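Residue numbers (our numbering): 3 to 533. Just so it is clear, CB atoms sit at the ideal spot from N, CA and C, and this is done for glycine as well. These numbers were taken from a predicted model, which means no experiment stands behind them.
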């Protein structure tokens, strides 16, 4: 495939031949679709507008070519870069010591326009939308019940709550638009092979207040090594499948919801909106709720994507941010405790960014729960899906080759540079021109080395994370009463203390054994002068 620069040079060559054969400049300009003044400048060797703007770019052409090579390499390795990762890489080259991104948000678009050999493309097909099983009749009945309950019990936004469960895989990463070679349609991205399921109970009220979440791991008992050094004071539990069970939800009601939402006036009712899944709400759950003046309202079946506030406004951005933050850890294996530690850390960061007061309020508003609006729900009842639109036929993209001035010898060290400068100084003719060329090649080499150093640092960081992920983690069960309450930070820290004491005792025993072995292997040499 011929690049734009090569095509331009071929056109100039043909035009020169036509001019030598007697054709006029005007006829050649008309034939090749160029302005006469532009063609005259090109024949004299004038630079293109794009070439003239290179000195004003943040990155030199050499550095941008290094980035292009790295993009194609990472795509082949299954770690295709996203748009944000491209900005981070460029920022590291421009200013490695900067805190935060200094590259403009539109810089990737301009970069892709300059280099047609790479482009944004989808990594995989996006998940299909949920099927429509909700009817307007069920929605009208539910919103009528909601309206009458709110009026009868005098429910205000601060006492209107929603509890919902959503799940994530510990190694889940995001599939979306990534960078890669422009000749292929899609890029293969490596995903983590760790597929243990973790579910989280999230809850909040119509004013935007978020309650303490409950994280449910898959397993028989909580292990101390699942928790990082610093972990949030959430509720932690286990189940055989990783999904919340009736016992888990009952414990959530008793340990999280009731103490955290206790109204100032004991006579005030609270409204708790949940789905109708029988695996969540047991008889004990309903009884305890009613005893504490908590009215439970069930959502219509198969309608959580329309009527569930947290499903409407919270979980989608939470999962998107979680997948983005988990992507750097997807390319290598890790032990099970490391996966759980990272899950807690990444989910904490994702929820701090996604589960905000604004998003929770928007979820209640978008679902028509508060303010109560049947129309909000009815407008989301979609008709049967239409056949997908036909995509336009693909076009072969053009390529642009980044050219560089060629010199017979580029200095690779300080001594070589000094020797060439001395040699140029000894020359009388063309000294300034040769010195400029030498400076240009030296600057290009420095730019190339700077870009390569930034890329190598990223590779080194990736390898260090992989090494840390495969370190074995000693086990220590967290001792607490599962049916009574969640294990607190004290129980987890106590389990960690016992584990460290056990490791220290083992280390001392091994040191004593090594000392004894050295003593037994010592050879005593007699002094012959005394004999």
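Are residue i and residue j close, meaning C-beta to C-beta below 7 Å?
{"i": "residue 200", "j": "residue 345", "result": "yes"}
{"i": "residue 494", "j": "residue 287", "result": "no"}
{"i": "residue 366", "j": "residue 168", "result": "no"}
{"i": "residue 313", "j": "residue 62", "result": "no"}
{"i": "residue 162", "j": "residue 207", "result": "yes"}
{"i": "residue 369", "j": "residue 141", "result": "no"}
{"i": "residue 105", "j": "residue 89", "result": "yes"}
{"i": "residue 274", "j": "residue 298", "result": "yes"}
{"i": "residue 216", "j": "residue 245", "result": "no"}
{"i": "residue 73", "j": "residue 139", "result": "no"}
{"i": "residue 31", "j": "residue 25", "result": "no"}
{"i": "residue 364", "j": "residue 441", "result": "no"}
{"i": "residue 362", "j": "residue 210", "result": "yes"}
{"i": "residue 357", "j": "residue 327", "result": "no"}
{"i": "residue 258", "j": "residue 272", "result": "no"}
{"i": "residue 235", "j": "residue 491", "result": "yes"}
{"i": "residue 305", "j": "residue 248", "result": "no"}
Does the beta carbon of residue i come closer than 7 Å to any beta carbon on chain D?
{"i": "residue 113", "result": "In the structure shown, chain D cannot be found, because there is only a single protein chain."}
For residue i, does the three-state DSSP call read helix, strand or coil?
{"i": "residue 348", "result": "helix"}
{"i": "residue 130", "result": "No answer about residue 130 holds up, because its pLDDT of 35 lies below 50 and its placement is not dependable."}
{"i": "residue 199", "result": "strand"}
{"i": "residue 145", "result": "helix"}
{"i": "residue 266", "result": "coil"}
{"i": "residue 171", "result": "strand"}
{"i": "residue 422", "result": "helix"}
{"i": "residue 59", "result": "coil"}
{"i": "residue 288", "result": "helix"}
{"i": "residue 298", "result": "strand"}
{"i": "residue 460", "result": "helix"}
{"i": "residue 273", "result": "strand"}
{"i": "residue 314", "result": "helix"}
{"i": "residue 156", "result": "coil"}
{"i": "residue 121", "result": "strand"}
{"i": "residue 259", "result": "helix"}
{"i": "residue 25", "result": "coil"}
{"i": "residue 372", "result": "coil"}
{"i": "residue 283", "result": "coil"}
{"i": "residue 493", "result": "helix"}
{"i": "residue 409", "result": "Bear in mind that the predicted position of residue 409 carries a pLDDT of just 43, short of 50, making it too unreliable to give a figure here."}
{"i": "residue 383", "result": "coil"}
{"i": "residue 10", "result": "helix"}
{"i": "residue 82", "result": "coil"}
{"i": "residue 306", "result": "helix"}
{"i": "residue 446", "result": "helix"}
{"i": "residue 17", "result": "helix"}
{"i": "residue 553", "result": "Outside the displayed span of the chain (3 to 533) sits residue 553, for which this structure offers no information."}
{"i": "residue 506", "result": "helix"}
{"i": "residue 233", "result": "coil"}
{"i": "residue 356", "result": "helix"}
{"i": "residue 247", "result": "coil"}
Using the DSSP secondary-structure output, state which residues sit across from residue i in a beta bridge.
{"i": "residue 220", "result": "241"}
{"i": "residue 166", "result": "204"}
{"i": "residue 212", "result": "206"}
Thinking just about the alpha-carbon of each residue, which of the options is nearest to the one in residue i?
{"i": "residue 28", "options": "16, 41, 22", "result": "41"}
{"i": "residue 143", "options": "301, 512, 463", "result": "301"}
{"i": "residue 111", "options": "341, 149, 86, 26", "result": "86"}
{"i": "residue 242", "options": "221, 451, 353", "result": "221"}
{"i": "residue 371", "options": "95, 76, 159", "result": "159"}
{"i": "residue 459", "options": "91, 66, 84", "result": "91"}
{"i": "residue 498", "options": "24, 97, 226, 19", "result": "226"}
{"i": "residue 488", "options": "501, 311, 214", "result": "214"}
{"i": "residue 233", "options": "504, 59, 500, 342", "result": "342"}
{"i": "residue 276", "options": "266, 264, 291", "result": "291"}
{"i": "residue 204", "options": "188, 60, 223, 238", "result": "238"}
{"i": "residue 65", "options": "507, 446, 355", "result": "446"}
{"i": "residue 223", "options": "240, 508, 235", "result": "240"}
{"i": "residue 454", "options": "67, 11, 83", "result": "67"}
{"i": "residue 152", "options": "496, 507, 375, 521", "result": "375"}
{"i": "residue 456", "options": "35, 94, 19", "result": "94"}
{"i": "residue 125", "options": "84, 422, 154", "result": "84"}
{"i": "residue 322", "options": "118, 171, 510", "result": "171"}
{"i": "residue 35", "options": "14, 46, 23", "result": "14"}
{"i": "residue 350", "options": "310, 46, 202, 76", "result": "202"}
{"i": "residue 353", "options": "145, 516, 515, 320", "result": "320"}
With hydrogens ignored, establish whether the beta-carbon of residue i is closer than 6 Å to any heavy atom of the ligand NAP.
{"i": "residue 340", "result": "Among the ligands in the structure shown, none appear at all, so the ligand NAP cannot be discussed."}
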